[in-house]
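A.B. asks: Once you've had a glance at the structure underneath, I'll fire off some questions.
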C-alpha cells in the first residue's frame, strides 16, 4: 500500500524539503499551497496523514483542520501542523481542534519524519483499539 501524505503550505521551499525527506522514507507526498485545494486532495488521495501550515490562502490550516475533523469520513485522519506560528493561543486552538502534533518552523526534516511516523502509528493503534477484540482463547 502506498503511504500517501498531503502537505499544504504556501512556501514552496518547505514543500520541497518535506517532499525530499518523506520521499527518501518512501512516502508519496502530494502538495498544494492552498487550504481549499488541500481538502480536495485529502478526499481524492485518501492519505495516511496531512501536514498543514496555519497561514496560507484558502482559509488557512486551522480552517482546513476544522473541516477535516468535522467530516466523519476524515475525522480520524492524523493531522500535523507545520508552521511559523508560535503564538500559544494558536497552538492550543490547533491541538484542541484535533491536530495530533504541532511543529514550528524552522524544523529538522529528520525530526519531522520521526514525529509524523509516530503520529501515523498512534493513529493506527487507535483504529486497532476500536475494532472488536479477538475472543479469548483460554479456558477457566
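Residue numbers (this note's numbering): 19 to 158. Backbone N, C-alpha and C fix where the C-beta goes; we use that ideal spot for every residue, glycine too.
(1) Going by beta-carbon coordinates alone, are residue 24 and residue 50 separated by less than 9 Å?
(2) DSSP state of residue 53, grouped into three classes?
(3) With DSSP collapsed to three states, give me the class of residue 86.
(4) Alpha helix (DSSP H) containing residue 40: first to last residue?
(5) Do you know how far the Cα of residue 95 is from the Cα of residue 141?
(6) What does DSSP give as the partner residue(s) for residue 46 in the beta ladder?
C.D. replies: Checking against the coordinates, here is how it stands:
(1) Numbered from 1 along the chain shown, position 6 holds the residue referred to as residue 24. Numbered from 1 along the chain shown, position 32 holds the residue referred to as residue 50. Yes; because the gap between Cβ atoms is below 9 Å, this pair is in contact.
(2) On the chain shown, position 35 is the one that residue 53 refers to. Correct three-state label for residue 53: helix.
(3) For the purposes of this step, residue 86 is taken as residue 68 along the chain shown, with counting starting at 1. In this structure, residue 86 counts as helix in the three-state DSSP scheme.
(4) To locate residue 40, count along the chain shown from 1; it is residue 22. Residues 30-42.
(5) Along the chain shown, read from residue 1 onward, the residue named residue 141 stands at position 123. Along the chain shown, read from residue 1 onward, the residue named residue 95 stands at position 77. About 8 Å.
(6) Reading the chain shown from its first residue, position 28 is the one you call residue 46. For residue 46, which the question treats as bridged, DSSP gives the partners 22.
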